[in-house]
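In this note's numbering, the protein residues as written are 70 to 271.
All C-beta atoms in this analysis are idealised placements derived from N, C-alpha and C, irrespective of residue type, glycine included.
Note that the structure is predicted; figures quoted are calculated from it, not measured.
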Amino acid sequence: MVAKRRSEMMEENREKLIAAARKAFAEKGFAAASMDELTASVGLTRGALYHNFGDKKGLLAAVVAQIDGEMAERARADASHASDDWERLLAEGVAYIKMALDPEVRRIVLLDGPAFLGDPAQWPGQISCLDATRQTVKKMLEDGVLKAVDADAAAHMLNSAAMNAAIWIAASNEPERALPKIIDVFTQLASGLRNDEGSAKI
């Protein structure tokens, strides 16, 4: 019972620190956020932070993982109306890119994330998204929806294109104006994989 309560307390502390970090990183940016202020805001010490995340960068990784997971869920929800695998895949990519306009996503995931955590393709959430995209691509290849391409290469291209498009929007001085331009390019780029032989014969 004592061990269970200790485990629950640790999880509660972890959730408190992630919530506080999301707020601090979104408002001040990762580099400027004070760990002493962050931990004090939830009644904890730096020791709790180090115990749960190792260091400040470990805390950022946990925050990015949480938000990135939420982004994937939002993208799937936005694409749920799609009529087939192709439309769903395209809609998910576009939905992900549009999230670059979200201030929290922009600051934490798209600007500070790559700057301090490195290649987004190596993040757990992105690896999970890549696996899902790969399975969808394989299915569409079997169904003849896509041209005869390597499934792994196609999945990497689609995921990296969406991520880098979102990063481009996040870094833009005029993100609202840049958004439709990059969505158009992403859509055309992805559409190059589609097998239009069937429609061409009609």
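Apart from the five residues on each side of it in sequence, which residues of its chain come closer than 8 Å, Cβ to Cβ, to residue i?
i: V254; result: A234
i: V132; result: I87, A90, R91, F94, I177
i: E106; result: A93
i: H225; result: A190, L199
i: L186; result: K126, L129, A130, V133, W192
I need the DSSP call for residue i, collapsed to helix, strand or coil.
i: L113; result: coil
i: L215; result: strand
i: N82; result: helix
i: D124; result: coil
i: S76; result: helix
i: A169; result: helix
i: S103; result: coil
i: H225; result: helix
i: N242; result: coil
Got a sec: does the ligand HEM put a non-hydrogen atom nearer than 6 Å to the Cβ of residue i?
i: G116; result: In the structure on display, the ligand HEM does not appear, and there are no ligands present to speak of.
What residue from the options has the CA that sits closest to residue i's CA?
i: A231; options: A259, A151, R91, A148; result: A259
i: D137; options: L170, V178, K97; result: V178
i: A240; options: T256, Q195, A184; result: A184
i: S319; options: R203, P249, K85, L248; result: In this structure the chain extends from 70 to 271, so residue 319 is not present and cannot be described.
i: E156; options: M209, V218, G98; result: M209
i: Q135; options: A100, R115, G182; result: G182
Using 10 angstroms around the beta-carbon of residue i, count the other beta-carbons present and answer buried if the total reaches 16, otherwise exposed.
i: P172; result: exposed
i: R75; result: exposed
i: R175; result: buried
i: N121; result: buried
So who's on the other strand from residue i, going by DSSP bridges?
i: R157; result: None; R157 has no bridge partner.
i: R263; result: L215
Under 7 Å Cβ to Cβ from residue i, same chain only, skipping five residues before and after it: list those, please.
i: I251; result: I166, A234, W237, I238
i: T205; result: D154, L158
i: A103; result: According to the sequence as given, residue 103 is Ser; it is not Ala. Nothing listed; no residue qualifies.
i: I264; result: For clarity, residue 264 is Asn in the given sequence; the question names Ile instead. Hits under 7 Å: G213, V214, L215, K216.
i: E161; result: A144, R145, A148
i: S268; result: Legend: pLDDT at S268 = 40, less than 50; position of this residue unreliable, value from coordinates given subsequently. Excluding residues within five positions, none has a Cβ falling inside 7 Å.
i: A164; result: R143, A144, D147, A148
i: A151; result: R157, A160
With a cut-off of 7 Å, does the C-beta of residue i fall near any C-beta of chain B?
i: G162; result: Although the question refers to chain B, the structure presented lacks it and comprises just one protein chain.
Excluding the 5 residues flanking residue i on each side, which residues of the same chain have their C-beta closer than 6 Å to its C-beta?
i: A117; result: N82
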